[in-house]
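So in our numbering, the last spot in the first sequence is 435, and the numbers never skip.
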Amino acid sequence: MTLHLREAGKPAAKLRSEALQVLFERGLVNQCTDLTALDDHLAAGPVTVYAGFDATAQSLHVGHLMPLMALRWLQKLGHRPIVVLGGGTTQVGDPSFRNETRPLLEERQIAANMAGIRQSIERLVDMRGPDGALLVDNAEWLTEFKFLEFLRDYGSKFTVNRMLTFDSVRSRIEAQSPLTVLEFCYMMLQAVDFLELARRHDCTVQIGGSDQWGNIINGVELARKGDGLSLHGLTVPLLATASGAKMGKSAAGAVWLHPEHLSPFGFWQFWRNTADADVGRFLRLFTELPINEVDRLSALKGADLNEAKKVLATQVTAVVHGAEQARAALEQGEALFAGGREIADPTHTLPLARLSDGLGLLELLVAIGFAASNGEARRLVAGGGVRLNGRVIEDTHRRIKAGDLAADDRLALAVGKRRKALVSFS
RNA sequence: GGAGGAGUGCCCGAGUGGCUAAAGGGGGCGGACUGUAAAUCCGCUGGCUAUGCCUACGUUGGUUCGAAUCCAACCUCCUCCA
C-alpha cells in the first residue's frame with residue numbers, strides 16, 4: 010500500500026494548508042493517509058470532509074467530540090463538513106476492536122437513537138445556509154442494494170486476504186471470538202459510504218476515531234480501484250486520561266452530550282474534575298481558545314490550575330450546550346463549591362408534587378442521575394457519601410419532605426466531594 | 001468425518017455438587033489526606049416494592065433435596081488425527 014502514516018502529535022514540517030496546521034497544533038491528528046497529498050489537497054481550496062456516527066445509543070458521548078471538533082475547525086477554515094448518521098451501518102454493527110458481537114438493534118430503536126444524536130450534531134456543526142454542513146443517513150443508499158449486485162460491484166474489489174490484515178478484526182480473530190460474515194462486511198459498507206459520498210457530494214476526506222482507520226482505508230482503496238479517485242483519510246487520537254485509562258465513563262455511566270442524559274452542569278463538572286496532567290491537552294483538543302491562551306492556562310501551577318479547569322469546563326460546555334448553559338453551569342459551580350448558593354439557577358428541577366408523600370432520598374439520587382440504581386444509592390448513603398443541605402445522611406430510609414427545603418424551595422444535595430446538585434421543586 | 005480441550009461478573013482471572021452473588025487483580029465509586037488534582041491508606045462494587053425475592057457462570061434441556069460445578073444436545077473457538 011502506498012499510504013503513509015503519521016504518528017500522533019508529531020509536528021509536521023512545513024505544512025502548506027492551514028487546516029492541517031491547526032489540526033496538528035490542536036492534537037487532533039493521530040494518523041493520516043499520504044500527508045503531503047492531503048496537505049496539498051487541503052491547501053488547494055475548500056474540500057468536503059465527512060465523519061460518520063452509528064446510532065448505537067440515544068446520545069453521543071465525549072469520545073465522539075474529537076472528530077466533531079476536527080470538523081468544526083475545518084468548517085471554520087472554509088471546508089464543508091458532512092455528518093453521516095449510520096442508519097444503515099448500525100443495522101450491521103461495527104466489529105472494529107470489539108471482541109464480542111454487538112447486540113443487533115431494531116430499526117425503531119435506531120431511529121430513536123438517530124434523533125437524539127442529531128440534536129447534538131446540530132449544535133456542533135453549522136448546518137445553516139447553502140454552504141452549511143450536510144447531514145445524511147447512509148441507509149439512503151445502503152438499503153437500496155441488491156445482494157448479488159452488491160457482491161458483483163463491490164465484493165470483487167475487496168480481497169479477504171487484505172481484509173484479514175486489519176488490526177481491527179485481527180484482534181477479534183486472535184481472541185478466538187467468533188466474527189460473523191455480517192460484521193466482517195461492515196468495513197465494506199463504510200468503504201461504500203465513502204465512495205458514495207465522493208460521487209454524490211465530491212467528498213474527498215474522511216475523519217474518524219483511531220479505531221476507524223481500517224474502515225477509512227478500505228474506502229480510500231475502493232475509490233481508487235473502482236473510480237480511480239484519490240481520497241484521503243485522517244484519524245483523531247483515542248480519548249484517554251494521562252493515567253492511560255479510556256475516558257468517557259463516569260459514576261452513573263458515560264459522559265453523554267445529550268442534556269437529557271447528562272445535565273449541562275454534570276457535563277461541566279466532568280471537565281472541572283480533569284486531572285492536572287490532562288488540562289493542557291484537553292484545552293487544546295476540546296476548546297477553541299487561541300493557542301497562546303491555552304499555553305498560558307496550561308502553565309499555571311498547583312492550585313492555580315483550578316482556574317484553567319474552570320475555563321476548560323466552561324468552554325467545552327459552551328461548545329456542546331451553548332454559551333447560556335455554560336455560563337449557568339459556571340455559576341452553579343461557583344455557588345455550590347464556594348458558598349453563595351442563592352444566586353445560582355437550580356441544577357435540577359422536579360415537580361413539587363413528588364414531595365407530597367415524602368420523596369425517598371434514594372429515589373432522589375437516582376432521579377438526578379447521581380446513582381444508577383436504588384442499590385447504588387443505598388450504598389452511597391450507607392457509606393456516608395451523601396449530604397443533604399450540608400449534613401451527612403446515613404439513613405437509607407430518609408424521606409424528603411417540604412420541610413427540608415430552604416426558603417427558595419430548593420435543597421442542596423451532594424455525593425462525595427465532586428458531585429453536587431441544587432434541586433428545585435416547583 | 002473422528003479424538004481431546006475451552007467459553008465465568010464492566011475487564012482480566014480463580015473456582016469442578018451445598019459454606020458461591022461466585023477468590024484475586026484492574027477499573028469505577030465512597031471515606032481519610034488535598035487544590036472539586038495526583039499519589040497513598042481504608043471501605044463499597046448485580047437488581048428489586050428487601051430480615052425476603054429475582055437474575056447471573058456460552059445456549060437449551062436433564063440428573064439431584066441442592067448445579068458455575070454432573071449428564072445430553074446445540075453454538076463458538078483451539079489442538080491433534082482423517
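Positions of the beta carbon are idealized from the N, C-alpha and C atoms, including for glycine.
Could you spell out where the alpha helix (DSSP H) holding D146 opens and where it closes?
Run containing D146: none in the alpha helix (DSSP H); it sits in the beta strand (DSSP E), 143 to 146.
What are the start and end residues of the beta strand (DSSP E) that includes Y59?
57 to 62
My assumption, with CB atoms under 8 Å, is that P90 sits in contact with A142. Please give the rounded CB distance.
4 Å
Do R419 and V432 have their CB atoms nearer than 8 Å?
yes
Among E403, A376, A312, which has the Cα closest to the Cα of A284?
A312
Quick check: the Cα distance between Q334 and L321, rounded to an integer number of angstroms?
14 Å
Taking DSSP as the reference, what is the three-state secondary structure of V92?
DSSP places V92 in the strand class (E or B) of the three-state scheme.
So is the beta-carbon of Q84 under 7 Å away from any non-hydrogen atom of the ligand FAD?
With respect to small molecules bound, the structure shown includes none, and the ligand FAD cannot be examined in it.
Once you ignore the five residues that flank G425 on each side, which residues in its own chain have a CB closer than 6 Å to its CB?
Take G425, set aside five residues on each side of it, and the residues of its chain with a beta-carbon closer than 6 Å to its own are G394, in chain order.
Which residues in the same chain have their Cβ closer than 6 Å to the Cβ of Q341, if we skip the five residues on either side of it in sequence?
Cβ neighbours of Q341 within its own chain (closer than 6 Å, five residues either side excluded): F274, A353, T356.
Please classify D57 as buried or exposed, where buried requires at least 16 other C-beta atoms within 10 Å of its C-beta.
According to the sequence shown, residue 57 is Thr rather than Asp. Under this definition T57 is a buried residue.
According to the neighbour-count rule (16 or more other Cβ atoms, all chains shown, within 10 Å of its Cβ), is R318 buried or exposed?
Rather than Arg, the amino acid found at residue 318 in this sequence is Lys. Flag for K318 reads buried.
What residue does the alpha helix (DSSP H) around V288 start on, and which one ends it?
Where V288 is concerned, the enclosing alpha helix (DSSP H) starts and stops at 288 to 295.
Helix, strand or coil for G378 per DSSP?
coil
Applying the criterion that 16 or more other CB atoms from any shown protein chain within 10 Å of the CB defines a buried residue, is H406 buried or exposed?
exposed
Would you call the CB atoms of N147 and G96 closer than 8 Å?
yes
Can you tell me which of T244, T296, I409, L113 puts its alpha carbon nearest to the alpha carbon of Q40?
T244
Report the option in D366, G54, D417, R427 whose CA atom is closest to the CA atom of S435.
If we check each option's Cα against that of S435, D417 comes out closest.
Excluding the five sequence neighbours on either side, which residues of its own chain have a C-beta within less than 6 Å of the C-beta of V264, listed in chain order?
H70, V71, G257, F279
Between L364 and V390, how many whole angstroms is the CB-CB distance? I'm expecting something under 8 Å.
Between V390 and L364 the Cβ distance is about 18 Å, and since that is not below 8 Å, they are no contact.
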